[in-house]
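Number of protein chains: 2
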Amino acid sequence: MTKEELFTQIKKKQSYLCVGLDTDIQKIPAHLRNTEDPVFEFNRRIIDATADLCVAYKPNIAFYEALGPKGWVSLEKTLNYIPEDIFTIADAKRGDIGNTSELYARAFFENLNFDSITVAPYMGEDSVKPFLLKTGKWVILLALTSNPGSADFQLLQTDDGTADYSRCLFENVLATSKAWASDEQLMYVVGATRPDFIQRVREIVPDHFLLVPGVGAQGGSLAEISRLGMNQHCGLLVNSSRNIIYAASGPDFAEQARSAALLVQQEMADYLNQYLG
Amino acid sequence: MTKEELFTQIKKKQSYLCVGLDTDIQKIPAHLRNTEDPVFEFNRRIIDATADLCVAYKPNIAFYEALGPKGWVSLEKTLNYIPEDIFTIADAKRGDIGNTSELYARAFFENLNFDSITVAPYMGEDSVKPFLLKTGKWVILLALTSNPGSADFQLLQTDDGTADYSRCLFENVLATSKAWASDEQLMYVVGATRPDFIQRVREIVPDHFLLVPGVGAQGGSLAEISRLGMNQHCGLLVNSSRNIIYAASGPDFAEQARSAALLVQQEMADYLNQYLG
Numbered sequence: 001m002t003k004e005e006l007f008t009q010i011k012k013k014q015s016y017l018c019v020g021l022d023t024d025i026q027k028i029p030a031h032l033r034n035t036e037d038p039v040f041e042f043n044r045r046i047i048d049a050t051a052d053l054c055v056a057y058k059p060n061i062a063f064y065e066a067l068g069p070k071g072w073v074s075l076e077k078t079l080n081y082i083p084e085d086i087f088t089i090a091d092a093k094r095g096d097i098g099n100t101s102e103l104y105a106r107a108f109f110e111n112l113n114f115d116s117i118t119v120a121p122y123m124g125e126d127s128v129k130p131f132l133l134k135t136g137k138w139v140i141l142l143a144l145t146s147n148p149g150s151a152d153f154q155l156l157q158t159d160d161g162t163a164d165y166s167r168c169l170f171e172n173v174l175a176t177s178k179a180w181a182s183d184e185q186l187m188y189v190v191g192a193t194r195p196d197f198i199q200r201v202r203e204i205v206p207d208h209f210l211l212v213p214g215v216g217a218q219g220g221s222l223a224e225i226s227r228l229g230m231n232q233h234c235g236l237l238v239n240s241s242r243n244i245i246y247a248a249s250g251p252d253f254a255e256q257a258r259s260a261a262l263l264v265q266q267e268m269a270d271y272l273n274q275y276l277g
Numbered sequence: 001m002t003k004e005e006l007f008t009q010i011k012k013k014q015s016y017l018c019v020g021l022d023t024d025i026q027k028i029p030a031h032l033r034n035t036e037d038p039v040f041e042f043n044r045r046i047i048d049a050t051a052d053l054c055v056a057y058k059p060n061i062a063f064y065e066a067l068g069p070k071g072w073v074s075l076e077k078t079l080n081y082i083p084e085d086i087f088t089i090a091d092a093k094r095g096d097i098g099n100t101s102e103l104y105a106r107a108f109f110e111n112l113n114f115d116s117i118t119v120a121p122y123m124g125e126d127s128v129k130p131f132l133l134k135t136g137k138w139v140i141l142l143a144l145t146s147n148p149g150s151a152d153f154q155l156l157q158t159d160d161g162t163a164d165y166s167r168c169l170f171e172n173v174l175a176t177s178k179a180w181a182s183d184e185q186l187m188y189v190v191g192a193t194r195p196d197f198i199q200r201v202r203e204i205v206p207d208h209f210l211l212v213p214g215v216g217a218q219g220g221s222l223a224e225i226s227r228l229g230m231n232q233h234c235g236l237l238v239n240s241s242r243n244i245i246y247a248a249s250g251p252d253f254a255e256q257a258r259s260a261a262l263l264v265q266q267e268m269a270d271y272l273n274q275y276l277g
């Protein structure tokens, strides 16, 4: 999917919501647990209930990997079920030396046909480049994550060539990596829990899309991230996982998920109207 | 496996060799390709041929993940086949927010019963801690990797609280993370391609084991890393993948792998004799 196609979907649906398919086998409603593939059955119902309200789905791969080989089958069925016009994100946070990253790219872009994958930057350019070789596929590089541990290294002051070392590591990651690919292939993870840094992110990467976790359960504000982070192509994919997919645990879980997604979508429509005009 | 048990194996086998099971389906000898599970059959023969010469096996997970669900079956069979007294490393380079890292820990420590997993440090403490909750299991944190891209961020000058910012990011990662667990649960990845930094590593973590990739195909020197990196418990696991498992591609590939491993082991015996006395 191209950047322009993604923006078209955002305008059409009046939404920049990404639904996180972090499907925990232990949280699946009881009435689905006896089906042949409870994880896929849960995802299918969530997708049916939310597909017109969101522009992206993001399965976190850990939830599937924890289930062994059958988790990969559930993941593959889920990917095949997601409508073509919805952007798909493998939240995998992979990254390895070049010849190995190529294999991860094959796993997520060829075998599973994801549109994008999240990648960790620590190992540098040759660990990221293999994911950029396929036209139409995206890398979403971790920059400033939403968890408390993001302060440990991402906020370290680093040498930016000036005398005052005012640039944090995540800013160096943005500034260095944006030379590796255009904003047609590269996005960044920037957590909603750090609104104080969004402007600094936008100074370095004004045109890139940002994948924003941390709204909802982790405490980030949709209003704030939208006000500070939106650009002329929206430039935001705001993720919500638990607040939507576990909105309820009874037989009506999918309807409740839809209601939760609708609330977010309506708020997003307001911000699109307000900031994009 | 405890640190003491690992050291016992090193002394017994006169080896600190880790064999990387980076089993590429396209490089498996022709005569194995028609077996039911060529990846496992290849691994089984490599293990039979090298188990008395090495103290660790390290499958890089990308090679298995690229094969879809059946890759995970091959990986599980391989893990079950590795003798109990050999340390096992899931080279996965995972790391995510806390509740998600817990799931990766379950995948590799419970489902697959690995002794250890490689973890990327970028997301900080709460992304690493879930891997440290199980007694007898190890985290091997990326510090200074062997690939060219390691220079992009790992060697950035960072604020170390002094006026001259003389500490690189990888040194900050070592200094910060060593408080998260003892050297009975935590090792570090330090590439053999950077011998100039080994002494700086040892100044910060004198007692930890280091997992050392980059000898052989990537150009690192076993002699140099052994001289500079060995401590009183050896403290090194030196990995070799391609040079051993693809020593030959014909019917005698396992014998040739053994010969290649034997050469490395004999060199290691010399260094153990020389530096441990």
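Sequence lines, in order, name chains D and C. Final position of the first sequence in the UniProt record's numbering is 277; the numbers increase by one with none missing. Final position of the second sequence in the UniProt record's numbering is 277; the numbers increase by one with none missing. For every residue, glycine included, the Cβ atom is placed at its ideal position computed from N, Cα and C. Note that the structure is a prediction, hence the values are computed from the model and not measured.
Look at the region 188–272 of chain C and you find these whole runs of beta strand (DSSP E), each 3 residues long or longer: 210–212, 236–240. Only M123, G124, E125, D126, S127 from the region 123–137 of chain C bring a Cβ to less than 7 Å from some Cβ of chain D. In terms of CA proximity to T88(D), N60(D) leads the group V128(D), N60(D), A254(D). Going by beta carbons, L211(C) and M187(C) fall inside the 9 Å limit. With respect to the 9 Å criterion, A192(D) and E224(D) are classified as neighbours on the basis of their beta carbons. In the structure shown, the three-state DSSP call for S150(D) is helix. Pairing L222(C) with V264(C) gives a Cβ-Cβ distance under 9 Å. Contact annotation: K58(D) and S241(D) have beta-carbon atoms nearer than 9 Å.
Between the alpha carbons of C168(D) and A217(C) lies a gap of roughly 34 Å. V55(C) sits in coil when the DSSP states are folded into three classes, being neither helix nor strand.
Between G136(C) and G149(D), the gap from beta carbon to beta carbon reaches 9 Å or more. Here the alpha carbon of I97(D) sits roughly 5 Å from the alpha carbon of S127(D). If you draw a 10 Å sphere on the C-beta of A56(D), you find 16 or more other C-beta atoms in it, and that means buried. Within its own chain, the residues whose Cβ lies closer than 6 Å to the Cβ of K134(C), once the five positions on either side in sequence are excluded, are F109, listed in chain order. DSSP links R33(C) through a beta bridge to no other residue. Within the region 38–116 of chain D, complete beta strand (DSSP E) segments of at least 3 residues are found at 56–58, 87–94, given in chain order. Looking at Y104(D), E102(D), K93(D), the one whose alpha-carbon comes closest to that of V119(C) is K93(D). Inter-segment contact for the region 246–259 of chain C and the region 33–51 of chain C is present: three or more beta-carbon pairs are separated by less than 8 Å.
When CB distances to chain C are screened at a threshold of 7 Å, not a single residue of the region 228–249 of chain D falls below it.
Considering only T23(D), L237(D), H233(D), the residue with the shortest C-alpha distance to P206(D) is H233(D).
DSSP, reduced to helix, strand and coil, places T158(C) within a strand of the structure shown. Within its own chain, the residues whose Cβ lies closer than 7 Å to the Cβ of E102(D), once the five positions on either side in sequence are excluded, are P130, listed in chain order.
L6(D): member of the alpha helix (DSSP H) spanning 3–13, first to last residue. Inter-residue distance for L174(C) and K11(D) is about 46 Å (C-alpha atoms, whole angstroms).
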